[in-house]
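Some notes on the structure that comes next.
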Amino acid sequence: MSEHFRGKTLVIQPYPGIGDMLWHLPQLRSIASSVDSGKISVLTKSRTMAKQWLMADPIIDTIYYCDKDEILNAAKVMRRENFQNSVVLHGSFTYGVIPFLAGIKNRYGYGFKAQKICLNHKPYLESSLALTHALELGEIYMDRLFGNSVVNNREVVVDQSILEAVRMNFKHHRGARICFGVGASDAFKRWPKEFFAELAIALQADQPSAEIFLLGSPGEQAEIKAISEKIRALNGESIPVYTLSISEVFAFIKDAALFVGNDSGLMNAAACLGIPTLGLFGRTRPLHYVQNLFPITPVTSNSDNVQSEMKQILPQQVME
Numbered sequence: 086m087s088e089h090f091r092g093k094t095l096v097i098q099p100y101p102g103i104g105d106m107l108w109h110l111p112q113l114r115s116i117a118s119s120v121d122s123g124k125i126s127v128l129t130k131s132r133t134m135a136k137q138w139l140m141a142d143p144i145i146d147t148i149y150y151c152d153k154d155e156i157l158n159a160a161k162v163m164r165r166e167n168f169q170n171s172v173v174l175h176g177s178f179t180y181g182v183i184p185f186l187a188g189i190k191n192r193y194g195y196g197f198k199a200q201k202i203c204l205n206h207k208p209y210l211e212s213s214l215a216l217t218h219a220l221e222l223g224e225i226y227m228d229r230l231f232g233n234s235v236v237n238n239r240e241v242v243v244d245q246s247i248l249e250a251v252r253m254n255f256k257h258h259r260g261a262r263i264c265f266g267v268g269a270s271d272a273f274k275r276w277p278k279e280f281f282a283e284l285a286i287a288l289q290a291d292q293p294s295a296e297i298f299l300l301g302s303p304g305e306q307a308e309i310k311a312i313s314e315k316i317r318a319l320n321g322e323s324i325p326v327y328t329l330s331i332s333e334v335f336a337f338i339k340d341a342a343l344f345v346g347n348d349s350g351l352m353n354a355a356a357c358l359g360i361p362t363l364g365l366f367g368r369t370r371p372l373h374y375v376q377n378l379f380p381i382t383p384v385t386s387n388s389d390n391v392q393s394e395m396k397q398i399l400p401q402q403v404m405e
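Read in order, the letters of the sequence shown are residues 86 to 405 in the numbering used here.
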């Protein structure tokens, strides 16, 4: 079976993070390749920050945000946009009802439980798959929907003008670029500051010409500065980077020789940019979805304290 969509097509991807959107790039591209225009519009949550980075991808027409308590308003907006097709990359009734209320003619989706009421096109996934990880669930559904026509491309498209501007701003840094992604959405996902510092010293001893960049958002400034100070106390050097927009950070990572970081949006971005990526996974599930992503997990994991899981990943283990 391989579907073909005629007319404006909306994809609803409501998983909330940057990484979640990156995981679904093959699904977005598979759907876009089946549309006459080669373009799709995407409805997602604002936490994906998709308007800042995904618009660079030529398959994207428009991006809409729909956060909590905005379902009815989203349906009204989608009705005005006159979409002919919709695909919901999620199993809940909440997001399945949006295209139904919007009057979209052809409505596809996973079809779990009550969501099936809102849809009118197969395939539907069996209920036994409802707890499957989002990465695998999207792949299974695309195989059912498109068969051999699935597009398995996860590469992030970076705006060329932004890439050139970032390169110009950092042109004086000529050493091998090693990026540390020190932030994460939850505290239990964060590697200890002193471990990042110890790793920086070890890497600089191994590669004296390399430069260590500490990446994060403006809200992570204090944490980045604290790690930088610990590196300095060990007679090492690092460059804090926390004022760039997310699209600029993606451009910055694109020129990296190595990325080491917590389970986060930036770690997933580095992996999808083709950069050798060492992902630090404590309590969260290790990811292997691209060949250049190497998950590092605790040697032992017997603690009931989720905060201690990351402490069980040692700098020496990362260096190996």
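Heads up, the beta-carbon is just placed ideally off N, CA and C, and yes, glycines get one too.
Note that the structure is a prediction, hence the values are computed from the model and not measured.
Non-local C-beta neighbours of P303 in its own chain, meaning closer than 8 Å and more than five positions away in sequence, comprise Y327 and T328, ordered along the chain. Bridge partners of G364 according to DSSP: G346 and P380. Non-local beta-carbon contacts of F366 in its own chain, meaning distances under 6 Å to residues more than five positions away in sequence, involve D348, P380 and T382 in chain order.
Boundaries of the alpha helix (DSSP H) harbouring P400: P400 to M404, taken from the DSSP string. Under DSSP, E296 takes part in a beta bridge, and its partners are R262. Distance between A342 and L372, taken at the CA atoms: about 20 Å.
Beta-bridge pairing by DSSP links T94 to N170. Within the same chain, and ignoring the five residues on either side of G301 in sequence, the residues whose Cβ sits closer than 6 Å to its Cβ are V267, G268, I309 and Y327. Burial state of Q98 is buried, judged by a 10 Å Cβ sphere holding 16 or more other Cβ atoms. Around the Cβ of Q289, a 10 Å sphere holds 16 or more other Cβ atoms; the residue is buried.
Of the residues assessed, Q112 falls on the buried side of the cut-off, its CB having 16 or more other CB atoms within 10 angstroms. Under the three-state reduction of DSSP, G223 is assigned to helix. P325 has L299 as its beta-bridge partners, per DSSP. At a Cβ-Cβ threshold of 7 Å, Y209 and G196 count as neighbours. Judged by beta-carbon spacing, I144 lies within the 7 Å limit of K124, meaning their Cβ atoms are closer than that value.
Under the criterion of beta carbons closer than 8 Å, R252 and E296 do not qualify as touching, at roughly 14 Å. Shown here for G104: same chain residues with a beta carbon closer than 6 Å to its own, the five before and five after excluded, namely G350 and N353 in chain order. The continuous beta strand (DSSP E) containing S126 extends over residues I125 to T129. In the three-state DSSP reduction, I202 falls in the helix class (H, G or I). Spanning the alpha carbons of K190 and Y149 requires a straight line of approximately 19 Å. The shortest C-alpha to C-alpha distance from Q402 to any of E283, T217 and C151 is the one to E283. For A159, the CB contacts under 6 Å within the same chain, skipping 5 residues up- and downstream, are C151 and I183 in chain order.
Going by beta carbons, S119 and L95 fall outside the 7 Å limit. Here Y180 carries a helix assignment [DSSP, helix/strand/coil]. Look at N238 here: in three-state DSSP terms it is coil, with no helix or strand label. Straight through space, the alpha carbons of T217 and G260 are spaced by roughly 42 Å.
Excluding sequence positions up to five before and after N238, its CB lies within less than 8 Å of the CB of L110, P111 and R114, all in the same chain and listed in chain order. As for any beta strand (DSSP E) of minimum length 3 sitting wholly inside the region 115-161, the runs are 125-129 and 145-150, ordered along the chain.
R317: member of the alpha helix (DSSP H) spanning Q306 to A318, first to last residue. The beta-bridge partner set that DSSP reports for N191 consists of N170.
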